[in-house]
């Protein structure tokens, strides 16, 4: 499998400060990159004029739909371009390009079809998570277990790799952040093999400020309950 | 017939016509609306009838019974609206997604 067969999908909304750097950091690896601008008030195409490789695509939602919708758009597009593996990657610079290979490796070897990054497997990665966020993430793990029956160590990590076969079976309908739990439900239902892979997340002042607040987590919980009641 | 009864009957008729226009392609809803508005007009004309029904159902007053029914109707209305908006949101998402994929821009390398 060539690196260009690996499509890195980057959902982005108002990430003008970091998007260019995130894409530039990915460029040397030769992956195909799909930036999905989720209706940012200022189109983010203008921030992609820096160092990019020849397999970079820019898609734009004409209206803001949410991170889940942007991930699904990018995934669908990547499938249409023949992607063999699709990697979901945050635009805010939290994820480390060098770790994509580590995430994709079990899929290459046929060990699993979905590899999910986890900040809680290695103690060194765990130590980097701010205390308040750690509690919130563990609550997320519990909520995801209640809703999906899957007990993982880190459910709200947007860093994941999905094989083509799995991506063809997983179609997200939750437009917001509830997609992180929805994807687990879809993985379980489709019966694809999955595993967690240790991953490091870079916490910066910027990414922490953009991250999920307690209030938004409650909002996500509401979305999940409503999803259970009215599919 | 008192003035308030006449006003209420006119409001019921107006509401019934409006609702049946909204649900123009759904016979089931139209029949349900017809039933509700005939019942509403009957209760306006014979207010004591609500007390009789309420007592049969174990509710003390007819006004209380109507209040409970109204709460149920409002909750049902909210659920219907929520389902409709969710359906609409999904359709909008599909359209926006299709446009984004259709207009995808392949960026040129600057290396």
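Protein chains in written order, with the working numbering: chain A, -1 to 229; chain B, 56 to 166.
The C-beta atom is built at its ideal place from N, Cα and C for all residues, glycine as well.
Bear in mind the structure is a predicted one, so any value in this text is a computation, not a measurement.
Nearest in C-alpha terms to residue 66 of chain A, of all of A:19, A:95, A:156, A:0, is A:156. Short of 8 Å from the beta carbon of residue 164 of chain A, and not among the five residues preceding or following it, lie these beta carbons of its own chain, in chain order: 111, 112, 185, 188, 190.
If you check the CB distance, residue 135 of chain A and residue 197 of chain A do not come in under 8 Å. Taken through DSSP and simplified to helix, strand or coil, residue 31 of chain A comes out as strand.
The Cβ-Cβ distance between residue 162 of chain B and residue 54 of chain A falls below 8 Å. At a beta-carbon threshold of 7 Å, none of the residues of chain A lie near residue 135 of chain B; the nearest stands roughly 11 Å away. Contact annotation for residue 151 of chain B against chain A: 59, 60, 61, 63 [CB-CB distance below 7 Å, chain order]. Taking C-beta atoms as the reference points, residue 63 of chain A and residue 37 of chain A count as a pair closer than 8 Å.
Distance from the CA of residue 75 of chain B to the CA of residue 94 of chain B, rounded to the nearest whole angstrom, comes to 16 Å. Here residue 199 of chain A carries a coil assignment [DSSP, helix/strand/coil]. Counting along the chain, residue 120 of chain A sits inside no alpha helix (DSSP H), nor does DSSP assign it H or E at all. When the five nearest sequence neighbours on each side are left out, the beta carbons in the same chain lying within less than 7 Å of the beta carbon of residue 69 of chain A are those of 7, 9, 86, 170, 177, in order along the chain.
Taking the CA atoms as reference points, residue 207 of chain A sits about 34 Å from residue 167 of chain A. In chain order, 45, 46, 48 place their CB closer than 7 Å to the CB of residue 18 of chain A, counting only its own chain and leaving out the 5 sequence neighbours on each side. DSSP places residue 137 of chain B in the uninterrupted alpha helix (DSSP H) bounded by 117 to 157. For the set A:88, A:107, A:2, the Cα lying nearest the Cα of residue 200 of chain A is the one of A:88.
Around the CB of residue 96 of chain A, fewer than 16 other CB atoms lie within 10 Å, so the residue is classed as exposed. Between the alpha carbons of residue 133 of chain A and residue 108 of chain A lies a distance of about 34 Å.
Of A:3, A:34, A:51, the smallest CA-CA separation from residue 24 of chain A is found for A:51. If you look at residue 84 of chain B, you'll find it isn't in any beta strand (DSSP E); it sits in the alpha helix (DSSP H) that goes 82 to 100. Around the beta carbon of residue 157 of chain B, a 10 Å sphere encloses fewer than 16 other beta carbons of the protein chains shown; the residue is thus reported as exposed. By the Cβ neighbour-count rule, residue 173 of chain A is buried, with 16 or more other Cβ atoms within 10 Å of its own. Residue burial is scored here from C-beta neighbours: residue 131 of chain B has fewer than 16 other C-beta atoms within 10 angstroms and is therefore classed as exposed. Three or more beta-carbon pairs separated by less than 8 Å are not found between the stretch 74 to 88 of chain B and the stretch 217 to 226 of chain A, which leaves the two stretches without contact. Residues 110, 112, 185 of the same chain have their beta carbon placed closer than 6 Å to that of residue 192 of chain A, with the five preceding and five following residues left out of the count.
For residue 160 of chain B, the enclosing beta strand (DSSP E) starts and ends at 160 to 162. Around the beta-carbon of residue 112 of chain B, fewer than 16 other beta-carbon atoms lie within 10 Å, marking it exposed.
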